[in-house]
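Protein sequence lines, in the order shown, are assigned to chains F and A. Residue numbering for the first sequence follows the working numbering, starting at 1355 and increasing by one per position. Residue numbering for the second sequence follows the working numbering, starting at 2 and increasing by one per position. Virtual Cβ for every residue (Gly too), placed ideally from N, Cα, C. Below: one structure, written as structure tokens.
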Amino acid sequence: MKPISSLKVALRALQINKMRSFLTMLGIIIGVGAVIVMVAIGAGAREMIAQQIASMGSNLLMVVPGATTAGGARMGGGSASSLTSDDAKAIKEECPAVKTIAPFWGGVTQVIYGNQNWNTSVTGTLPSYFEIREWALASGRNFSDQELAGAVKVAIIGKSIVENLFGSEDPLGQIIRIKKIPFTVIGVLTPKGQSSYGTDQDDTIYIPLSTAQKRVFGSRLPNRVRMIMVQAQDLSLMAAAEKQINDLLTQRHKPQGDQLADFTVRNLTEIMATAEQSAKVMSLLLGSIALVSLLVGGIGIMNIMLVSVTERTREIGIRMAVGARGIDILFQFLTESVVLSLVGGLIGIGLGVLGAELTSKFTGWNVVISILALLISFFFAAAVGIFFGYYPAHKASRLNPIDALRYE
Amino acid sequence: MENLIQVKDLFKIYEFGDIQIPALNGVSLSIEAGEFVAIMGSSGSGKSTFMNILGCLDVPTRGSYFLSGNAIGSMSRDALAQLRNQQIGFVFQGFNLLARTSALENVELPLIYGPTPARERHHLAKEALVSVGLSGREDHHPNQLSGGQQQRVAIARALVNHPSIILADEPTGNLDTKTSLEIMQLLTQLNEEQKITIILVTHEQDISTFTRRVIQFKDGLVLQDRLQHPKKTD
């Protein structure tokens, strides 16, 4: 019998039992749909983390001050004011594994433009800060060396500041007041979106480090910096850079006796890599749970096909009597199960894509539907049809014609 | 004239655990092409078992069977299927039509397992239906047809591949007297006009009067094999 005849016979049989065919397909529909939704959510989470890593900058180390002790109460990491611009400079000059550094110092304060005011974080830093964070300017320019040396009152502002203070006005060249001190806006940053903690990264203003230290957020310790952001030369040099900084700062700060080191070096890339790894594991887990449901759908097909073979034993006998060979019967039933699983697979893909979109719409999660995932689940569905359809079909094809004909 | 069918020392023994039940106990006979034969016998006489072996639906436990000179015993399942497809047409007591399938598609069934191209199948099936007097009923499903009409569809299905033999197992068993007569007329006509060998199994004396040769079975053996003048059907 030709394949096309086989297909026709199979379609007729499925058409005769519409409800049963649909219910059998439902297992595959749900299985494939679940695979697609789960894989899309998993891929979405990974993509989001990858974006966050990229938005933070690559190969990052963060040097933070150590803890202070105030009247016997330890204040926690980062509370000390032990890091200075000179430390930053030394790191850049003396650690070969370090590519560039960006110390920063700032706080949250009120900013005024015209009759508008806004509370935001104002950070003093170096031009290299934007390079490390891979953060481009939408318009205007970066700080110049003269502005850094002279503690000039210029500012680069984020997208949210533009929206909140300027509206549709062009902010370049305008004067904003930070802590009542007038600053000229020289640049606007491209939007960066939410950070991994959900804060708005665009709601911020950058000014030269020297300006922040001397004019805006003065402290009793000149040259003081909040933290130093460090970019290593290469991912493989992260550990080396970490050690070089540790050695250098220990030497510079000379902790006395049992005194704790007054700084810590954190490997941000490592932290994010861990997050990425856990997202990977999670998406694998989601995917395998969905695969199990696809498998259950396949067992459903086998179950129904076995019932169908028993129920249609007489039909098989008639077909054999008029000349059907074992392989014709095998193909007929195999075609039925493959058609069931393929049609189920297609509907499942449709519903899966829809489900993923709806999930994204209602939960706000990032979902990524890849063509590869669609293809894989489609072929998996076909494989399920062949695998679980083979046994019943084989059983049918091995029937003895006369036993099949006599079957009541 | 060459024997179309030749069987020698045919045995069929069913085994149920330790118990052996013989159905055929060494049947030897031959049938020539073009004959119209009735196989008679009470139930359990082995006539249906014999018929199934002739139709290559079942295999004998022992003995030889030659169909058109081919030894059936040494053929594979697939070869037997092909033989059934090309040489033998079946007519059953219970009609054995596919339910929820039109008369035309039922008649086409043997063609889809043969070499006939798809576009010729409709035409051939329609012709077969016309030849059994069922033109205009192509789209009827078996449950929309009377018993006699269903048996005609079955005969058309048996005819469609132009077989050399039609094997009819109690073809009138489920039909009333008048319809039985019509079916016998149709079979007689096929035998006379198309020279198809027809072997029919029956336990009804009336039915066996239409054939030229009557073979009586008892306890798995041929009891009597005689020729007669067939009753005229018209």
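What does A:Arg101 touch in chain F if you count any residue whose Cβ is under 7 Å from its own?
Ile1370
Quick check on DSSP: helix, strand or coil for F:Gln1528?
coil
Could you pull the start and end residues of the beta strand (DSSP E) that A:Met41 belongs to?
37-41
May I have the straight-line CA-CA distance separating F:Ala1503 from F:Ile1561, to the nearest angstrom?
12 Å
Would you tell me roughly how many angstroms separate the C-alpha atoms of F:Asn1600 and F:Ser1482, rounded to the nearest one?
Near 22 Å, if we compare the C-alpha coordinates of F:Ser1482 and F:Asn1600.
Tell me, please, whether the CB atom of F:Leu1764 is closer than 8 Å to any CB atom in chain A?
There is no way to answer for residue 1764 of chain F, as the model of chain F reaches only from 1355 to 1762.
If you drop the 5 nearest sequence neighbours on each side, which residues of the same chain put their C-beta closer than 6 Å to that of F:Ser1549?
Gln1555
Who are the near neighbours of F:Leu1602 in its chain, counting only those whose CB is closer than 8 Å to its CB and skipping five residues on each side?
Ala1444, Ile1445, Glu1448, Cys1449
Quick one: what does DSSP say F:Pro1450 is sitting in, helix, strand or coil?
coil
For the beta strand (DSSP E) that contains A:Val8, what are its first and last residues?
Element bounds for A:Val8: 4-17.
Would you identify the three-state DSSP class for A:Met76, choosing helix, strand or coil?
In this structure, A:Met76 counts as coil in the three-state DSSP scheme.
Can you tell me whether DSSP reads F:Ile1582 as helix, strand or coil?
In the structure shown, F:Ile1582 sits in a strand (DSSP, three-state: E or B).
Can you grab the Cα-Cα spacing for the pair F:Ser1695 / F:Phe1458, in whole Å?
60 Å
Counting only beta-carbon atoms, is F:Glu1669 nearer than 8 Å to chain A?
yes
What's the C-alpha gap between F:Gly1718 and F:Ala1399?
The straight-line gap from Cα to Cα measures roughly 11 Å.
State the Cα-Cα distance for the pair A:Gly115 and A:Asn53, rounded to the nearest angstrom.
21 Å
Buried or exposed for A:Glu121, going by 16 or more other Cβ atoms inside 10 Å?
exposed
In chain F, which residues lie with their C-beta within 7 Å of the C-beta of A:Arg153?
Correct list: empty, because the minimum Cβ distance to chain F is about 16 Å.
If you draw a straight line from the alpha carbon of A:Ile89 to that of A:Ile156, how long is it in whole angstroms?
12 Å
Report the CB separation of F:Met1674 from F:Pro1755 in whole angstroms; it is logged as a contact under 8 Å.
4 Å
8 Å is my cut-off, CB to CB: does F:Ala1678 come that close to chain B?
The structure shown contains no chain B; its protein chains are F and A.
Can you look up F:Phe1742 in the DSSP assignment and give me helix, strand or coil?
helix
Using the Cβ count rule (16 or more neighbours within 10 Å means buried), how would you classify A:Asp19?
exposed
Check each residue of the segment 110-125 of chain A: if its Cβ is closer than 8 Å to any Cβ of chain F, include it; give the result in chain order.
Hits within the stretch, in order: Leu110, Pro111, Ile113, Tyr114, Gly115, Ala119.
Around the C-beta of F:Arg1580, are 16 or more other C-beta atoms found within 10 angstroms, so that it is buried, or is it exposed?
buried
Can you tell me whether F:Met1373 is buried or exposed, with buried defined as 16 or more other CB within 10 angstroms of its CB?
exposed
Does A:Arg158 have its Cβ less than 8 Å from a Cβ in chain F?
yes
So, does the CB of A:Asp19 fall closer than 8 Å to a CB anywhere in chain F?
no
Just the chain A side, please: which residues come within less than 9 Å of F:Ser1359 by C-beta, in chain order?
Ile113, Tyr114, Ala119
Let me know if F:Ile1653 comes out buried or exposed under the rule of 16 or more other beta-carbons within 10 Å of its beta-carbon.
exposed
State the CB to CB distance for the pair F:Gly1706 and F:Val1506, rounded to an integer number of angstroms; the pair is presumed to be in contact (CB under 8 Å).
Wrong, their Cβ atoms sit about 57 Å apart, outside the cutoff.
Have a look at A:Leu146 and A:Val202 and give me their C-alpha separation to the nearest angstrom.
24 Å
So with CB distances below 8 Å, who are the chain F contacts of A:Ile63?
The amino acid at residue 63 of chain A is misidentified as Ile; the sequence shows Arg. Within 8 Å Cβ-Cβ: nothing; A:Arg63 doesn't reach chain F, min ~18 Å.
Would you say A:Arg85 reaches chain F, if we count a Cβ-Cβ gap shorter than 8 Å as a contact?
yes
How long is the line joining the alpha carbons of F:Glu1596 and F:Ser1498, rounded to whole angstroms?
29 Å
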